[in-house]
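To start, the structure under review is shown below, and the notes come after it.
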Amino acid sequence: MQIKKSLLHKLGLFLKGLAMGAANKVPGVSGGAVSYVLGFYEELIYSFKKINIKAFKLLIDGRFKSFYVYTNAQFLLLIMSGSMFSYFSVSLVLDYFLEHYELYVWSWFFGMILGSIYYINKDFGKWTKTNLTFLLIGTIIGLAISFLTPAKENDNLWFVFLCGIIGVSGMTLPGLSGSFILILLGNYVLLLVDSVNVLLEVILSALSGNFEIFSDASKMRYIKIISVFTAGSAFGLISISHVLGYVLKHYNKIVNALILGFITGSLGIVWPWKKTVYLAENGTFLLDQKGNKIIENYERYLPEIVSYETLFAVLCILFGLGLILAIDYYDRKRKK
Numbered sequence: 001m002q003i004k005k006s007l008l009h010k011l012g013l014f015l016k017g018l019a020m021g022a023a024n025k026v027p028g029v030s031g032g033a034v035s036y037v038l039g040f041y042e043e044l045i046y047s048f049k050k051i052n053i054k055a056f057k058l059l060i061d062g063r064f065k066s067f068y069v070y071t072n073a074q075f076l077l078l079i080m081s082g083s084m085f086s087y088f089s090v091s092l093v094l095d096y097f098l099e100h101y102e103l104y105v106w107s108w109f110f111g112m113i114l115g116s117i118y119y120i121n122k123d124f125g126k127w128t129k130t131n132l133t134f135l136l137i138g139t140i141i142g143l144a145i146s147f148l149t150p151a152k153e154n155d156n157l158w159f160v161f162l163c164g165i166i167g168v169s170g171m172t173l174p175g176l177s178g179s180f181i182l183i184l185l186g187n188y189v190l191l192l193v194d195s196v197n198v199l200l201e202v203i204l205s206a207l208s209g210n211f212e213i214f215s216d217a218s219k220m221r222y223i224k225i226i227s228v229f230t231a232g233s234a235f236g237l238i239s240i241s242h243v244l245g246y247v248l249k250h251y252n253k254i255v256n257a258l259i260l261g262f263i264t265g266s267l268g269i270v271w272p273w274k275k276t277v278y279l280a281e282n283g284t285f286l287l288d289q290k291g292n293k294i295i296e297n298y299e300r301y302l303p304e305i306v307s308y309e310t311l312f313a314v315l316c317i318l319f320g321l322g323l324i325l326a327i328d329y330y331d332r333k334r335k336k
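Quick note on the working numbering: the sequence shown kicks off at 1 and runs consecutively.
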């Protein structure tokens with residue numbers, strides 16, 4: 001019975017990582033918000049905080065078991081492996097639905113974010129003037145980000161490393177979408193579409209015994225880019241987690257108010273009724289390596305009040321909201 005419980009717990013962590021990874025890849029949606037709602041955000045931050053000088057000393061001294069326990073490695077490995085696996089599975093399904101049923105996917109996410117606002121607020125406690133100020137600051141930052149104009153693509157490795165540090169904010173700061181920030185930095189397609197696709201192609205080729213792909217300079221360029229991006233993300237996760245671990249411990253209410261503000265402000269990004277604006281120069285759309293038009297930003301509009309499309313979109317919002325309320329109900333029932 002204990003073994004079955006342990007396996008279910010491990011599977012649960014992997015699936016939570018899967019959900020967080022899928023959310024991280026969707027522009028406007030924060031994987032950090034998913035971790036917050038699913039109840040493992042603080043453990044994630046504190047676990048990354050454990051990757052410090054003491055952990056490296058344990059590793060150098062050959063005390064691997066102590067290192068494994070000290071860093072909460074089992075938790076991190078399950079969450080991060082689920083998150084990485086989602087880039088080649090769940091996120092590809094989301095990409096398909098975003099391409100063919102964009103309005104309804106955004107509506108679903110919009111409902112989930114509304115539910116997340118309720119979920120975080122219900123246990124917040126008493127609101128003070130200070131907390132309300134940070135709530136307002138977070139909301140303004142979240143809304144301001146949604147209206148910024150993206151930069152052009154830049155594959156300079158130092159900038160790619162910086163993108164890794166900034167882009168990982170979607171995992172460490174609920175409400176801030178790392179994917180959307182990468183759009184603003186101009187490197188979303190380069191880092192989360194083209195490079196990921198090439199990495200998958202290289203891995204599959206190597207597994208099939210075809211090593212000629214490693215002599216392809218174009219493919220190796222993308223491998224180098226995603227390696228530097230991953231290094232930047234890892235550095236960002238660890239360094240930002242140390243800061244967040246400190247402020248969560250000493251200014252918990254203020255940080256939670258700021259996070260709630262970020263999530264509220266992100267409603268501007270995931271507003272369902274919007275038209276995609278594609279990057280263009282001299283009237284010609286710019287394309288990625290697969291011939292897809294590169295997203296520049298979104299133009300938001302108000303929906304038709306009476307239409308089947310609007311009705312179904314509203315139902316998707318209610319479904320997303322209901323999903324978070326169901327998680328909340330299950331969580332309260334489990335704790336009784």
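Glycine included, every Cβ here is placed at the ideal spot set by N, Cα and C.
Using alpha carbons as the reference points, say which of the options lies closest to residue i.
| i | options | result |
| --- | --- | --- |
| S179 | L173, T172, L192 | L192 |
| V255 | M112, I45, F88, L13 | I45 |
| I259 | V270, L132, A231, G164 | L132 |
| N154 | F124, A144, V189, W127 | V189 |
| S47 | G265, A313, Y246, K253 | Y246 |
Taking residue i as part of the alpha helix (DSSP H), name the residues at either end of that continuous run.
| i | result |
| --- | --- |
| V243 | 217-250 |
| S266 | No alpha helix (DSSP H) contains S266, which DSSP labels as neither H nor E. |
| T139 | 129-146 |
| F56 | 53-60 |
| F180 | 178-184 |
| I305 | From DSSP, I305 is part of no alpha helix (DSSP H); its letter is neither H nor E. |
| S30 | No alpha helix (DSSP H) contains S30, which DSSP labels as neither H nor E. |
| N197 | 195-207 |
Tell me, which residues are paired with residue i by DSSP?
| i | result |
| --- | --- |
| R332 | Answer is none; R332 lacks a bridge partner. |
| F285 | A280 |
| Y298 | T276 |
By the DSSP assignment, the beta strand (DSSP E) with residue i in it spans what residues?
| i | result |
| --- | --- |
| T276 | 274-278 |
Please state if the CB of residue j and the CB of residue i are separated by a distance shorter than 7 Å.
| i | j | result |
| --- | --- | --- |
| V228 | V160 | yes |
| L184 | L162 | no |
| Y119 | V196 | no |
| V26 | L94 | yes |
| G374 | G32 | Here the chain comprises residues numbered 1 to 336, so residue 374 is not present and cannot be evaluated. |
| V90 | L8 | no |
| G142 | S266 | yes |
Within 10 angstroms of its Cβ, does residue i collect 16 or more other Cβ (buried), or is it exposed?
| i | result |
| --- | --- |
| K49 | buried |
| Q2 | The predicted model places Q2 with a pLDDT of 48, which falls under 50 and marks its position as unreliable; any figure quoted below should be read in that light. Label assigned to Q2: exposed. |
| S233 | buried |
| S337 | No answer is possible for residue 337: the residues shown for the chain start at 1 and end at 336. |
| I140 | exposed |
| S30 | buried |
| K16 | buried |
| F134 | buried |
| A23 | buried |
| G164 | buried |
| I317 | buried |
So, does the CB of residue i fall closer than 7 Å to a CB anywhere in chain D?
| i | result |
| --- | --- |
| V277 | Annotation note: the requested chain D is absent from the structure, which comprises a single protein chain. |
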